[in-house]
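One structure is given here, and the rest of the page talks about it.
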Amino acid sequence: MRNELAAGQSGWLNANDAAASVTVSGVAVGQSTAMTISAAFDCVRKNAQAVATLPLAVYERQPDGSKHRIETDLSEILTVSPCPGMTAVDYWEGMAAQTVLNGNGYSERLEVGNRLVGLRPLQGVTPRRLPNGEFEYSFVDRGKREVLPAQKVFHVRGFGAGTGLGLSAIKYGANAFGAAVAADNSASEVFKSGLMASGVVTSDQTLTDPQRTTLERILETYRGSKNGGKIMALEAGLKFQPLQMNPEDVQLLDTRRFNVEDVCRWFGTPPVIVGHAAQGQTMWGSGVEAIMLSWLTLGLNPSLRKIEAQARLDLIPRERRRRWFVEFNREALLQMDSKAKGEFLSKMASSATMTANERRAKLNLPPHSDPSANDLLAQGAMLPIQDLGKD
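Heads up: the sequence shown is residues 1099 to 1489, going by the numbering used here.
Listed below in C-alpha cells is the structure:
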C-alpha cells in the first residue's frame, strides 16, 4: 500500500500541488508565490494571529444551563503546549494560517492507548476519500510515506462546498494573485532601469550583424539605475530617441491598488486591516470601527466556530461530548477598545446581568472582599406613577 502511494498512484489529491498553476498573466502561482505579495502575507498573518491570541478553554455544561471552566489534560494540550517545543499560540497560528491559505489544517493525534496526549502539526498532507465516506491522509515523514486514518488526524476545514474539504484561496484565486505578482514585477523592472523608459537607436545606414552585436554590448553598459548619469557617446550617425513615460504609469498605481483590494477579497479581510484605505476612505473614525466589527463577525467568527465544532467532534471523548465543549473568548477582541469595554460592563451591571466581581474578572482584577460585590444590581429610578412622591 505505501509503495503504491509513494509511486504517486491516482486517487490522491494534493491541495498544495494543485494550487501551483500557470495563470492568465503567465505567472505560476503556489503558496510560496502568493505569500510574496504583501497584501496576501498580511491577510494571512492578521487572521492567524487574531485566532491564535484569543483565550481558549474547555467548559462543562451544568444542569442549570450555565457553563463551568474545567482543567483537564485536553485543556493543557489546547492552551499550553500541544506538543514538545511548541506553545499553544504557535500551534493555533499555524493551523489558522494553513486553513486560510489551503482551506485545510492538519494535525496528528498523539495518543497513549485511548488517551489523547498531544497534537503534532502536519505539512504537505494529501487527503483521500474512502468508499465508506471517511478520509485517510498521506504525508511524508523523514523521507518515508505515512498514511493515517481519520481517527488519528485532527482536520480543521475552512470554507467548503460540502465535499468534506476546505477550498484553497490560493488555488481558486490564482489569477488574482498572478496579476498582482505580474504588476509588481513590471514596476520593479522599470525601477531597476532608474525610471528610464526604453528608447530606440536610429541610423541612416544598415548595420551588419557584428555591428549590431557590438552596439547591444555598448548599450548594455548604460542600462540600469546604477548606471544613471553616465554619458553615452554615439558615432557613425547613430541617434538615441527616448520614449516618454508618465511617472504614475510607471508605478501602476491604480492597478496595484486594485490588486490589494482583490487579494483582500479572496481572504475575506477588509483592506483597512492590512493598512490599505480605499480611495476616499479614511483610516480612522466610526466607519472603520464598523468595518472592524464586520470583520470580527463575518470573518473571524466563522473560523472560530469551525475550530470549536471540530475540536468537540475529534478531541473530546465521545462519552463527554454532550456536556464538554471548547470555546474561544470572543470578548477578548474588545480588550483594546476601552470605551466599548466600559460601555459593555456598565450595561451588564445596570441590567442585573453581572455582579461587581464578575465584571472585575473581565478586567483581570481580583475579587472584591465586600460581600455586596457578589450581588446583582438593577436600576431603581423607574417607579409606578401612583408611587411618585412617596417615601
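Every residue gets a Cβ at the ideal spot worked out from N, C-alpha and C, and that includes glycine. Predicted model only: the values in this text are computed from it and were never measured.
DSSP three-state label for Ile1405, please. Your numbering for residue 1405 matches position 307 in the sequence shown. Here Ile1405 sits in helix by DSSP.
Return helix, strand or coil for Val1156, following the three-state DSSP convention. As a working mapping, residue 1156 is identified with position 58 in the sequence shown. DSSP, reduced to helix, strand and coil, places Val1156 within a strand of the structure shown.
Nearest to Glu1429 by alpha carbon, out of Trp1422, Leu1214 and Gly1440? Counted from its first residue, the sequence shown places residue 1429 at position 331. The residue with the shortest Cα to Cα distance from Glu1429 is Gly1440.
If you compare alpha carbons, which of Phe1252, Ile1414 and Phe1338 is closest to Asp1302? The residue labelled residue 1302 in the question sits at position 204 within the sequence shown. Ranking Phe1252, Ile1414 and Phe1338 by Cα distance to Asp1302 puts Phe1338 first.
Thinking C-beta only, is Val1156 closer than 8 Å to Trp1422? Along the sequence shown, read from residue 1 onward, the residue named residue 1422 stands at position 324. Along the sequence shown, read from residue 1 onward, the residue named residue 1156 stands at position 58. Inclusion of Trp1422 and Val1156 in the CB contact set at 8 Å is warranted, their separation being smaller than that value.
N-terminal and C-terminal residue of the alpha helix (DSSP H) that Arg1243 is part of: What you label residue 1243 is simply residue 145 of the sequence shown in a count that begins at 1. Element bounds for Arg1243: not the alpha helix (DSSP H) but the beta strand (DSSP E), Lys1242 to Pro1247.
What does DSSP give as the partner residue(s) for Gly1258 in the beta ladder? Within the sequence shown, numbered from 1, the residue matching residue 1258 stands at position 160. Partner residues in the beta bridge of Gly1258, as assigned by DSSP, are Gly1264.
Between the alpha carbons of Ala1138 and Val1361, how many angstroms are there, rounded? Start at 1 with the first residue of the sequence shown, and residue 1138 comes out as number 40. Start at 1 with the first residue of the sequence shown, and residue 1361 comes out as number 263. For Ala1138 and Val1361, the distance between alpha carbons rounds to 6 Å.
For Ala1476, which residues of its own chain have a beta-carbon under 6 Å away from its beta-carbon, when the five flanking residues on both sides are left out? Locating residue 1476 in the sequence shown gives position 378, where the first residue counts as 1. Around Ala1476: Ala1450.
Taking the alpha-carbon positions, what's the Ala1146 to Ala1272 distance? Counting from 1 along the sequence shown, the entry for residue 1146 is found at position 48. Counting from 1 along the sequence shown, the entry for residue 1272 is found at position 174. Distance from the CA of Ala1146 to the CA of Ala1272, rounded to the nearest whole angstrom, comes to 21 Å.
Should Ser1205 go down as buried or exposed, given a rule of 16 or more other Cβ atoms within 10 Å for buried? Counting from 1 along the sequence shown, the entry for residue 1205 is found at position 107. It counts as buried.
I'd like the span of the alpha helix (DSSP H) that includes Asp1239, first residue to last. Along the sequence shown, read from residue 1 onward, the residue named residue 1239 stands at position 141. Asp1239 -> not in any alpha helix (DSSP H); beta strand (DSSP E) instead, spanning Phe1233 to Asp1239.
Glu1456 to Trp1364 span [Cα, whole Å]: Locating residue 1456 in the sequence shown gives position 358, counting from the first residue. Locating residue 1364 in the sequence shown gives position 266, counting from the first residue. Those two C-alpha atoms are separated by around 40 Å.
Reduced DSSP category for Asn1202 - H, G, I as helix; E, B as strand; rest coil: Sequence index remark: in the sequence shown, residue 1202 carries index 104 (1-based). Three-state result, Asn1202: strand.
For Pro1469, which of helix, strand or coil comes out of DSSP? Within the sequence shown, the letter at position 371 stands for residue 1469. Helix.
For the beta strand (DSSP E) holding Val1424, just list the boundary residues, first then last. The residue you call residue 1424 lines up with position 326 of the sequence shown. Note, Val1424: beta strand (DSSP E), Trp1422 to Phe1426.
Under the three-state reduction of DSSP, which class applies to Ser1323: helix, strand or coil? As a position in the sequence shown, residue 1323 is number 225, starting the count at 1. Residue confidence is low: Ser1323 scores 49 on pLDDT, short of 50, so the model does not pin down where it sits. Its coordinate-derived value is still stated next. Ser1323 falls in the helix class under three-state DSSP.
Element boundaries [alpha helix (DSSP H), containing Leu1172]: On the sequence shown, residue 1172 is found 74 positions in, with the first residue counted as 1. Asp1171 to Thr1177 is the span of the alpha helix (DSSP H), which, as asked, contains Leu1172.
Who are the near neighbours of Ser1392 in its chain, counting only those whose CB is closer than 8 Å to its CB and skipping five residues on each side? Taking the sequence shown and counting its residues from 1, one reaches residue 1392 at position 294. The beta carbon of Ser1392 is closer than 8 Å to those of Pro1368 in its chain, skipping five residues each way along the sequence.
Enumerate in chain order the residues of its own chain whose CB-to-CB distance from Gly1192 is below 6 Å, with the five nearest sequence positions on each side excluded. For the purposes of this step, residue 1192 is taken as residue 94 along the sequence shown, with counting starting at 1. These residues qualify, in order along the chain: Pro1219.
Could you please give me the residues that DSSP links to His1253 through a beta bridge? For the purposes of this step, residue 1253 is taken as residue 155 along the sequence shown, with counting starting at 1. Paired residue(s): Tyr1204.
Distance CB(Asn1202)-CB(Ile1268) smaller than 8 Å: What you label residue 1202 is simply residue 104 of the sequence shown in a count that begins at 1. What you label residue 1268 is simply residue 170 of the sequence shown in a count that begins at 1. Cβ distance not < 8 Å, so Asn1202 and Ile1268 don't count as in contact.
Please list, in chain order, all residues of the same chain as Thr1366 whose beta carbon is under 7 Å from its beta carbon, the five residues on each side excluded. For this step, residue 1366 is matched to residue 268 along the sequence shown. Looking at the sequence provided, one finds Gly at residue 1366 rather than Thr. Counting only Cβ-Cβ distances below 7 Å, and skipping sequence neighbours, we find Gly1397.
Can you give me the start and stop residues for the alpha helix (DSSP H) that Leu1317 sits inside? Along the sequence shown, one-based indexing puts residue 1317 at 219. Following the DSSP letters along the chain, one finds Leu1317 inside the alpha helix (DSSP H) bounded by residues Asp1307 to Glu1318.
Using C-beta distances below 6 Å, list every residue in its chain close to Val1125, excluding the 5 sequence neighbours before and after it, in chain order. If you number the sequence shown from 1, residue 1125 lands on position 27. Excluding residues within five positions, the ones whose Cβ falls inside 6 Å are Gly1276, Val1279 and Ala1280.
Could you name the residues of the same chain whose beta carbon sits closer than 7 Å to that of Arg1207, not counting the 5 residues immediately before and after it, in chain order? Here residue 1207 refers to the residue found at position 109 of the sequence shown. So the qualifying residues of the chain are Leu1214, Leu1217, Lys1250, Val1251 and Phe1252.
Same chain only: Cβ atoms within 8 Å of Val1178, ignoring 5 sequence neighbours per side: Locating residue 1178 in the sequence shown gives position 80, counting from the first residue. Excluding sequence neighbours, Val1178 sits near Thr1185 and Ala1186.
What did DSSP end up calling Lys1437 once you bin it into helix, strand or coil? Taking the first residue of the sequence shown as 1, we reach residue 1437 at position 339. Assignment of Lys1437 by DSSP, reduced to helix, strand and coil, places it in the helix class.
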